[in-house]
Amino acid sequence: MSDQQIFVPWDAGCTWYLVRHGETEWNRTRRIQGQADTPLNQRGETQASLLGGRLGGTAFSAVYASDLSRAMATARLAVGESGPEIAPVPELREIAYGEWEGLTFAEVEALDPEGFAERMLRQNDRYTPPGGENVHQFVERVRRFHDRVRERHGSGERVLVVGHSGSILALLICLLDMPNEFLLRFRMNPAGLSIVRTFDSAAVLELWNDTSHLASIGALDEEE
Numbered sequence: 397m398s399d400q401q402i403f404v405p406w407d408a409g410c411t412w413y414l415v416r417h418g419e420t421e422w423n424r425t426r427r428i429q430g431q432a433d434t435p436l437n438q439r440g441e442t443q444a445s446l447l448g449g450r451l452g453g454t455a456f457s458a459v460y461a462s463d464l465s466r467a468m469a470t471a472r473l474a475v476g477e478s479g480p481e482i483a484p485v486p487e488l489r490e491i492a493y494g495e496w497e498g499l500t501f502a503e504v505e506a507l508d509p510e511g512f513a514e515r516m517l518r519q520n521d522r523y524t525p526p527g528g529e530n531v532h533q534f535v536e537r538v539r540r541f542h543d544r545v546r547e548r549h550g551s552g553e554r555v556l557v558v559g560h561s562g563s564i565l566a567l568l569i570c571l572l573d574m575p576n577e578f579l580l581r582f583r584m585n586p587a588g589l590s591i592v593r594t595f596d597s598a599a600v601l602e603l604w605n606d607t608s609h610l611a612s613i614g615a616l617d618e619e620e
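Note that our numbering has the sequence shown beginning at 397, numbered continuously upward.
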């Protein structure tokens, strides 16, 4: 096989810009959000605006966001009022924590110590919180979005996807063809930026959880 046959030009693929939403009050107070529709706080709005400065000048073919308000607001602040239309995507919602949503981690541990140990300590990807989803159900939900968008966008295009810690990680699992349980091995900061380049049957992670655009205010690291 010649070099020409195996060479893949870096500008040939579709580039995915993956962003976690900015901070909310529940992030700050370490309450489990899941699919609760909590808004950005002031710091989260600032984070999203700083992200917009980082992305300024990037021409996106499409912008997708979880339909929860914290993700939609992050996307709008990131692309600006005159930016592309934002497509709301229910499949990009955070993993459902069911009865745990709105509780602090300490409250969940006190209320359901065995469930807390299975999900948070043992990281059992098959464990389903009461009324919620397990990791595999969640990734397969996000995969439906991944498959649609990967079919829709091709060479030379750029897409911006704004979601949640979990849904962005689930999307990364789909893009890089990793086992579903790897979802629990990664973390992502509010307003963190990752970039993945996709080709016909492969993908390359070019940037992971970069928060350099938040240097003036500092990044926050916590769970959903």
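Think of the CB as a built atom: it goes at the ideal place given N, C-alpha and C, for glycine as much as any other residue.
Just so we're clear, the structure is a prediction, and the values are computed from it rather than from any experiment.
V600 is bridged by DSSP to R593. Nearest to M584 by alpha-carbon distance, out of F512, V475 and V558, is V558. Between the stretch 519-535 and the stretch 454-468, the count of Cβ pairs shorter than 8 angstroms is below three; the stretches do not touch.
In this structure, L556 is the residue among Q438, L556 and L580 with its C-alpha nearest to the C-alpha of Y460. Along the stretch 519-606, the beta strand (DSSP E) occurs as fully enclosed runs of 3 or more residues at 554-559, 589-594 and 599-606, listed in sequence order. Closest in alpha carbon position to T434, among E497, G448 and V485, is E497.
Looking at the DSSP output, V485 bridges to S462.
Classified as buried, L488 has 16 or more neighbouring CB atoms from the shown chains inside 10 Å of its CB.
Spatial neighbours of G494 in its own chain (CB-CB distance under 7 angstroms, excluding positions within 5 residues in sequence) are listed in chain order as P525, P526, G527 and G528.
Between S608 and V415, the CB-CB gap reaches or exceeds 9 angstroms.
Non-local beta-carbon contacts of G448 in its own chain, meaning distances under 8 angstroms to residues more than five positions away in sequence, involve L473, A474, V475 and G476 in chain order.
Comparing C-alpha distances from G418 to each of R522, R540 and S462 shows the shortest one belongs to S462. The Cβ atoms of G588 and N605 lie closer than 9 angstroms to each other.
By the neighbour-count criterion, in which a residue is buried when 16 or more other Cβ atoms sit within 10 angstroms of its Cβ, P484 is exposed. In this structure, S561 lies away from F534, with their beta-carbon atoms at least 9 angstroms apart. Nearest Cα to R424 within the set A432, T500, V592 and G479: T500. Assigned with DSSP and collapsed to three states, R450 falls in helix.
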